[in-house]
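If you read the sequences in order, they're chains A and B. In terms of UniProt numbering, the first sequence is residues 1 to 169. In terms of UniProt numbering, the second sequence is residues 1 to 169. For every residue, glycine included, the Cβ atom is placed at its ideal position computed from N, Cα and C. As the structure is a computational prediction, the values presented were derived from the model and not from experiment. Taking it in order: structure first as structure tokens, then the write-up.
Number of protein chains: 2
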Amino acid sequence: MSLSMHKISVPAFIRGFAVLSSLIDKAEAFAAEKKIDQAVLVNARLAPDMLPFAGQIQRASDTAKATIGRLTTIEIPKFPDEEQTLGELRERVAKTVAFLETVDQSALEGSETKEVTLSAGPLKVTLDGVEYILKFVLPNFYFHVTTAQNILRHNGVQVGKLDYLGPLS
Amino acid sequence: MSLSMHKISVPAFIRGFAVLSSLIDKAEAFAAEKKIDQAVLVNARLAPDMLPFAGQIQRASDTAKATIGRLTTIEIPKFPDEEQTLGELRERVAKTVAFLETVDQSALEGSETKEVTLSAGPLKVTLDGVEYILKFVLPNFYFHVTTAQNILRHNGVQVGKLDYLGPLS
Chain A
1 MSLSMHKISV PAFIRGFAVL SSLIDKAEAF AAEKKIDQAV LVNARLAPDM LPFAGQIQRA
61 SDTAKATIGR LTTIEIPKFP DEEQTLGELR ERVAKTVAFL ETVDQSALEG SETKEVTLSA
121 GPLKVTLDGV EYILKFVLPN FYFHVTTAQN ILRHNGVQVG KLDYLGPLS
Chain B
1 MSLSMHKISV PAFIRGFAVL SSLIDKAEAF AAEKKIDQAV LVNARLAPDM LPFAGQIQRA
61 SDTAKATIGR LTTIEIPKFP DEEQTLGELR ERVAKTVAFL ETVDQSALEG SETKEVTLSA
121 GPLKVTLDGV EYILKFVLPN FYFHVTTAQN ILRHNGVQVG KLDYLGPLS
């Protein structure tokens, strides 16, 4: 197996969304077992100025889609942030994965040197495709997957490191 | 800039440790300002079965070192988990970075196909070098950096997404 722009991004996203999907399943089972309104978990957050569980999944979805939008000529789908239930979040994950699965390896060929300009608040920087994935996309993507898991663990849902890593073989 | 086994791992670690070092600085300033014993933050955790702030930094250090140990013939330093203060954690980060800076790009050449066997509890799997970094090392490494930040934010330390991303240019 050799390295490519596709290899370091799309399969990592799809694995991450499989993890998020299993977290949603565990949250759903926990809410049912404890007779808790699902909205409590959907809206749970670790700090007042952090995104809730739903927001972590929405931003993971956007991070993955934007990577394809910025590095290829593929038109990316728009998914408005309207999810309010665990079932709707599961659907957002599934739609994102369905899109990612249409992205062929060849679509990312040559994107190593494509320039990407990021602009958000005080941040304004231009990176090449490789740096964009390694310095921005992967740290961000894993931030959201990790924080989604941390929110559930903090709320007592039984998830552990093996849930986060997902199947490795 | 092109992709290599070194490129996708060592600079990402060094950037992550710069972020952890700045988190330690912010924790120190917060403890001083609020007159809180530093040990409160060093030992803070998000759930009873999760590692505290210190443990997140120790595991980030071990994840980075083990990557070099498993993919090269370089002998890796041992750092016992004895840190009890923010200053000692800063030193652990600095020692880890000093080691990583000695790892030349050439040391990782050819490690794409090197077999790595992971064994932890129910997990037992053999991956090639590329899969090991993409499926195990990077998700794990960012898990610990993110969770360290989440612990501080949950405790009221003012850190945000730009602290997590670190300098991008």
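Cutoff 7 Å: residue i Cβ touching any chain A Cβ
i	result
Asn150 of chain B	yes
Arg70 of chain B	no
residue 170 of chain B	Residue 170 of chain B falls outside the range modelled here, since chain B spans only 1 to 169, and no answer is possible.
Val93 of chain B	no
Leu51 of chain B	no
Val97 of chain B	no
Val103 of chain B	no
Thr85 of chain B	no
Nearest-angstrom beta carbon gap, residue j and residue i [assumed within contact, 8 Å]
i	j	result
Ile133 of chain A	Thr67 of chain A	7 Å
Phe17 of chain B	Val103 of chain B	With 8 Å as the limit, Phe17 of chain B and Val103 of chain B do not qualify as a contact, their Cβ atoms being about 13 Å apart.
Ala148 of chain B	Leu20 of chain B	6 Å
Asn140 of chain A	Thr63 of chain A	5 Å
Val116 of chain A	Ile57 of chain A	Not quite, the Cβ-Cβ distance comes to about 23 Å (not below 8 Å), so this is no contact.
Cutoff 7 Å: residue i Cβ touching any chain B Cβ
i	result
Ser119 of chain A	no
Thr67 of chain A	no
Pro139 of chain A	yes
Arg153 of chain A	yes
Lys135 of chain A	yes
Leu46 of chain A	yes
Leu108 of chain A	no
Val169 of chain A	Looking at the sequence shown, residue 169 of chain A is not Val but Ser. Yes, Ser169 of chain A counts as interfacial toward chain B.
Val125 of chain A	yes
Thr63 of chain A	no
Ala54 of chain A	no
Beta-ladder partner(s) of residue i, from DSSP
i	result
Ala120 of chain A	A:Leu123
Glu115 of chain B	B:Asp128
Residue i and residue j closer than 7 Å at C-beta
i	j	result
Leu3 of chain B	Leu3 of chain A	yes
Ile151 of chain A	Leu23 of chain A	no
Phe136 of chain B	Thr146 of chain A	no
Glu83 of chain B	Ala54 of chain B	yes
Ile76 of chain B	Lys65 of chain B	yes
Inter-residue Cα distance where the pair is residue i and residue j
i	j	result
Asp167 of chain B	Val130 of chain A	Rather than Asp, the amino acid found at residue 167 of chain B in this sequence is Pro. Their backbone Cα atoms lie some 16 Å apart in a straight line.
His154 of chain A	Lys95 of chain B	31 Å
Glu91 of chain B	Lys26 of chain B	15 Å
Leu89 of chain B	Thr72 of chain B	26 Å
Lys124 of chain B	Ser9 of chain A	24 Å
Glu33 of chain B	Val157 of chain B	11 Å
Thr113 of chain A	Ala29 of chain A	45 Å
His6 of chain A	Ser106 of chain B	24 Å
residue 174 of chain A	Arg70 of chain B	Residue 174 of chain A lies beyond the residue range present for chain A, which begins at 1 and ends at 169; the question has no answer from this structure.
Ala31 of chain A	Pro11 of chain B	41 Å
Ser169 of chain B	Asp49 of chain B	37 Å
Pro80 of chain A	Phe79 of chain B	47 Å
Thr126 of chain B	Lys35 of chain B	49 Å
Heavy atom of the ligand GDP within 6 Å of residue i beta-carbon
i	result
Phe143 of chain A	Questions concerning the ligand GDP fall outside what the structure shown contains, since it holds no ligand whatsoever.
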